[in-house]
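*Asks:*
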Amino acid sequence: MPENALPKLRWYQGLTRYHWWVLFVAVLSWTFDCMDQRIFVLSRAPAVKELIRWEERRGPLEAALAPEIRAEVERDAAAGMVGAGDAAAETGRRLESRLAAVYAKQCDQFGDVLTALMILGWAVGGFFFGVYGDKWGRVKTLAIAISVYSVFTGLSGLAAGLADFSLYRFLMGCGIGGAFATAASLVAETMPEHSRAFALGLFQALSAVGNLTGSAIARFLVSPEVPTTLWGLLGGEGVSGWRVLFMIGVLPAMLVVLIFRTVKEPDAWHAARKTAAENLDRQLGDIKGLFTTPRWRRNTLVGLSLALVGVIGLWGVGFYTPELIDSALGELPREELGNIKSMGMLLQDVGAFFGMLAFTWIATRMGRRLAFGGAFVCCWVVVSAVFLFLDERWHAYAMLPFLGFVTLSLFGGYSIYFPEIYPTRLRSTGTGFCYNVGRVVAALFILFKIPIRNLFDGMGFEQPFRSVSLVLALVYLAGLIVLFWAPETKGRPLPTDD
């Protein structure tokens, strides 16, 4: 029965203990997933600074730059701009300044590459696990995905260099990509009709708890910027904080046992499996099925486009607030700067929680399309304002909750909308495709930031990082165009092939 046919029944009424348990397990799986993502965001910069092995790179680069800078100083001395006795000191000062600029630029570029690799893995995992979530079942696939992202998050803390660190980030992304589609499909097919939309919105909103957990660990337990002995447990001079954070990220693997022992496949999946055995044109997890009929083809293109907008905006701009704070407040001591970044991300996560709840409320009462449209406009306005005007410490504390509210609100919409536009046999495949395959293009956009930043740098912009972010924020306006083709699913049952 459609959700609007039961106006007097609240979403939580009529739920059994098992319904609550499935929702709890799904929330835990996605919450831990988001915790591992946040650990990466907060640890990305210090990890790159250590793994880049700057001392090995510095020597050859210094030898290459020194003649150029000496010649530059000699020209300035001949023009009377540098005193004769100051030439050596000026050469050293300029060389150090140039090396520092190259170091910062290389760290930024490697950070972008690592982010792109993780998102690419996210897409690959979403595609693979999405298909096999329909073929193997939601429960088995979810357990495997959790194992993958947990193990490779832990291995990231043992990385010896950028090469193996990059591999671990890609494989961790594969696990992340698989968790969302299977968990969302499990919730959508287990919950009663009147509870589905709000349960899916709550499932995504509570993922902010995972982000908060990652930020809280980095803020109050282990700073990614500072070596730690973890109260003497690690001994010696301590271990880099970011390494310890990644090792903590292996803990979600314990959830796998709980899933296998207590959660069963939804009845809808068993029915679809039986139908697939009897009808060759109704196969489970058939990727071609997303495009062979006009209805599913349109829904797939719409879902993919909506996801693309949110992912580019979030991972190309919204999750670069630590780098924004470095750019705006870089003169502060390193430990103080780390505290501001961690607290800023905590506030961003609090905003995200309320943003996803707000999207769910609007979507269930006013429709999915209206909720997406309002969110896109708000995203463009707030993201542009934050990356244009954040210049003071208090700006971070005041602005970042609003940034989290708008940029993450869209993801509450994805968890509701994507399972609602596919039949059971394609639900995990379609959800995984929309939510994750768009990340391939998003990863390319993030890599595209590098030449754009170089372009703005060459044009004399003082902070090209901000200019690039303002350009990428325009992607939110493109989302408004997609909504012209998006079907409204409010008040309608989950679709079938009939």
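With our numbering applied, the sequence shown has no gaps in its numbers, which climb one by one up to 886 at the end. Glycine included, every Cβ here is placed at the ideal spot set by N, Cα and C. From a predicted model like this one, the values you see are computed outputs, not experimental measurements.
#1: Residue 441 to residue 494, Cα distance in whole Å?
#2: Rounded to whole angstroms, what's the CA-CA distance from residue 606 to residue 783? Just pull it up for me.
#3: Leaving out five residues before and five after residue 486 in sequence, what residues of the same chain have Cβ atoms less than 7 Å from its Cβ?
#4: For residue 571 and residue 418, which I take to be in contact (beta-carbon distance under 8 Å), what is that distance rounded to the nearest angstrom?
#5: Can you name, in chain order, every residue of its own chain whose Cβ lies under 6 Å from the Cβ of residue 533, other than the five neighbours on each side?
#6: Tell me whether the beta-carbon of residue 569 lies closer than 9 Å to the beta-carbon of residue 514.
#7: Between residue 527 and residue 438, how many whole angstroms is the CB-CB distance? I'm expecting something under 8 Å.
#8: Near residue 575, what residues of its chain come up, given a Cβ to Cβ distance below 7 Å and the 5 sequence neighbours on each side ignored?
#9: Check this for me: beta carbons of residue 860 and residue 700, under 9 Å apart or not?
#10: Enumerate, from N- to C-terminal direction, the unbroken alpha helix (DSSP H) stretches of 4 or more residues contained entirely within the segment 661–727.
#11: From which residue to which residue does the alpha helix (DSSP H) around residue 495 run?
#12: Sort 705, 843, 720 and 712 by Cα distance to residue 862 and report the nearest one.
#13: Since residue 738 and residue 789 should fall inside the 8 Å C-beta cutoff, what is the C-beta to C-beta distance between them, to a whole number of angstroms?
#14: Under 8 Å: do the segment 682–697 and the segment 792–806 share three or more Cβ pairs, one atom per stretch?
#15: Do residue 814 and residue 655 have their beta-carbon atoms positioned less than 9 Å apart in this structure?
#16: Return helix, strand or coil for residue 651, following the three-state DSSP convention.
#17: Which whole-angstrom value describes the C-beta separation of residue 539 and residue 641, a residue pair presumed to lie in contact below a C-beta threshold of 8 Å?
#18: Under DSSP, the alpha helix (DSSP H) around residue 441 begins and ends at which residues?
#19: Determine the extent of the alpha helix (DSSP H) in which residue 881 is found, giving its start and end residues.
#20: Taking C-alpha atoms, which residue in 432, 842, 524 and 490 lies nearest to residue 664?
#21: Out of curiosity, what's the CA-to-CA distance linking residue 601 and residue 430?
#22: Measuring alpha carbon to alpha carbon, tell me which of 423, 702 and 552 ends up nearest residue 857.
#23: With three or more beta-carbon pairs closer than 8 Å as the criterion, would you say the segment 765–774 touches the segment 791–803?
#24: Suppose only complete runs of 4+ residues qualify. What are the alpha helix (DSSP H) ranges in the segment 568–613, listed by chain order?
#25: Which stretch, first to last residue, makes up the alpha helix (DSSP H) that contains residue 789?
#26: Run through DSSP, which three-state label would residue 860 get?
#27: Could you have a look at residue 911 and say whether DSSP puts it in helix, strand or coil?
#28: In the structure shown, what three-state DSSP assignment does residue 425 receive?
#29: Check whether the segment 747–766 touches the segment 706–723, counting contact only when three or more Cβ pairs, one atom from each stretch, lie closer than 8 Å.
#30: Between which residues of its own chain and residue 491 is the CB-CB distance below 7 Å, once the five residues before and five after are set aside?
#31: Can you tell me which of 726, 760 and 695 puts its alpha carbon nearest to the alpha carbon of residue 876?
#32: Determine the extent of the alpha helix (DSSP H) in which residue 529 is found, giving its start and end residues.
#33: Leaving out the 5 sequence neighbours to the left and right, which residues in its chain are closer than 8 Å to residue 620 when beta-carbon positions are compared?
#34: How many Å lie between residue 463 and residue 724 at the Cα?
#35: State buried or exposed for residue 426, treating a residue as buried only when at least 16 other CB atoms are found within 10 Å of its CB.
*Replies:* Concretely, from the data shown:
#1: Stepping through the sequence shown from its first residue, residue 441 is reached at position 53. Stepping through the sequence shown from its first residue, residue 494 is reached at position 106. Cα to Cα, residue 441 sits roughly 11 Å from residue 494.
#2: Against the sequence shown, residue 606 aligns to sequence position 218. Against the sequence shown, residue 783 aligns to sequence position 395. Using only the alpha carbons, I get a separation of about 21 Å.
#3: Stepping through the sequence shown from its first residue, residue 486 is reached at position 98. Within the same chain, Cβ atoms closer than 7 Å to the Cβ of residue 486 are found at 453 and 457, the five residues on either side in sequence being excluded.
#4: Numbered from 1 along the sequence shown, position 183 holds the residue referred to as residue 571. Numbered from 1 along the sequence shown, position 30 holds the residue referred to as residue 418. About 5 Å; that satisfies the 8 Å criterion.
#5: Here the question's residue 533 lines up with position 145 in the sequence shown. Counting only Cβ-Cβ distances below 6 Å, and skipping sequence neighbours, we find 517, 563, 566 and 567.
#6: For the purposes of this step, residue 569 is taken as the residue at position 181 of the sequence shown. For the purposes of this step, residue 514 is taken as the residue at position 126 of the sequence shown. A contact, by the Cβ cut-off of 9 Å.
#7: For the purposes of this step, residue 527 is taken as residue 139 along the sequence shown, with counting starting at 1. For the purposes of this step, residue 438 is taken as residue 50 along the sequence shown, with counting starting at 1. Separation of the CB atoms of residue 527 and residue 438 is rounded to 39 Å, and the pair is thereby denied contact status at 8 Å.
#8: Locating residue 575 in the sequence shown gives position 187, where the first residue counts as 1. Cβ contact annotation for residue 575 (same chain, cutoff 7 Å, sequence separation greater than five): 410, 411, 414, 587, 588 and 591, in chain order.
#9: Translated into positions along the sequence shown, residue 860 becomes position 472. Translated into positions along the sequence shown, residue 700 becomes position 312. With respect to residue 700, residue 860 sits close: the two C-beta atoms are nearer than 9 Å.
#10: List check, alpha helix (DSSP H) in window: 682–704 and 709–717.
#11: Position 107 of the sequence shown, counted from the first residue, corresponds to residue 495. Annotation for residue 495: the continuous alpha helix (DSSP H) segment containing it runs 475–523.
#12: On the sequence shown, residue 862 is found 474 positions in, with the first residue counted as 1. Selected option, being the one with the closest Cα: 705.
#13: The residue given as residue 738 occupies position 350 in the sequence shown. The residue given as residue 789 occupies position 401 in the sequence shown. Going by Cβ atoms, the distance from residue 738 to residue 789 rounds to 6 Å, so yes, they are a contact pair.
#14: The way I'd put it, the segment 682–697 does touch the segment 792–806; three or more beta-carbon pairs between them come closer than 8 Å.
#15: The residue you call residue 655 lines up with position 267 of the sequence shown. The residue you call residue 814 lines up with position 426 of the sequence shown. Between residue 655 and residue 814, the C-beta gap is not smaller than 9 Å, which leaves the two residues out of contact.
#16: Taking the first residue of the sequence shown as 1, we reach residue 651 at position 263. Looking at residue 651 - three-state DSSP - the assignment turns out to be coil, as it is neither helix nor strand.
#17: The count along the sequence shown starts at 1 and reaches residue 539 at position 151. The count along the sequence shown starts at 1 and reaches residue 641 at position 253. That pair is a contact at about 7 Å.
#18: Locating residue 441 in the sequence shown gives position 53, counting from the first residue. Secondary structure note for residue 441: it is in no alpha helix (DSSP H), with a DSSP letter that is neither H nor E.
#19: Position 493 of the sequence shown, counted from the start, is the residue given in the question as residue 881. Unbroken run through residue 881: none, as it is neither H nor E.
#20: Taking the first residue of the sequence shown as 1, we reach residue 664 at position 276. It is 524.
#21: Within the sequence shown, numbered from 1, the residue matching residue 601 stands at position 213. Within the sequence shown, numbered from 1, the residue matching residue 430 stands at position 42. Rounded to the nearest angstrom, the two C-alpha atoms are 12 Å apart.
#22: Residue 857 sits at position 469 when you count from the first residue of the sequence shown. Minimum Cα distance to residue 857 is reached at 702.
#23: Enough Cβ pairs lie closer than 8 Å, so yes.
#24: Counting only runs of 4+ residues, the alpha helix (DSSP H) found wholly inside the segment 568–613 occupies 584–593 and 595–604, in chain order.
#25: Against the sequence shown, residue 789 aligns to sequence position 401. Taken as a continuous stretch (DSSP letters only), the alpha helix (DSSP H) holding residue 789 covers 781–808.
#26: The sequence position of residue 860 within the sequence shown is 472, counting from 1. Reduced to three states, the DSSP call for residue 860 is helix.
#27: Past the edges of the chain, shown from 389 to 886, lies residue 911, and the structure says nothing about it.
#28: What you label residue 425 is simply residue 37 of the sequence shown in a count that begins at 1. Three-state DSSP puts residue 425 in a helix.
#29: With the cut-off at 8 Å, the segment 747–766 and the segment 706–723 do not touch.
#30: Within the sequence shown, numbered from 1, the residue matching residue 491 stands at position 103. So the list reads 442, once near-sequence residues are dropped.
#31: Counting from 1 along the sequence shown, the entry for residue 876 is found at position 488. Across the set 726, 760 and 695, the C-alpha of 760 shows the shortest separation from the C-alpha of residue 876.
#32: Position 141 of the sequence shown holds residue 529. Run containing residue 529: 526–544, per the alpha helix (DSSP H) assignment.
#33: Against the sequence shown, residue 620 aligns to sequence position 232. Only weak support is given to the placement of residue 620: the predicted model assigns it a pLDDT of 49, under 50, and the value that follows is read from those uncertain coordinates. Once the five neighbours on either side are set aside, residue 620 has no close Cβ partner at all.
#34: As a first step, residue 463 must be located in the sequence shown, where it is residue number 75. As a first step, residue 724 must be located in the sequence shown, where it is residue number 336. The straight-line gap from Cα to Cα measures roughly 41 Å.
#35: Counting from one through the sequence shown, the residue named residue 426 turns up at place 38. Buried, because 16 or more other Cβ atoms sit within 10 Å of the Cβ of residue 426.
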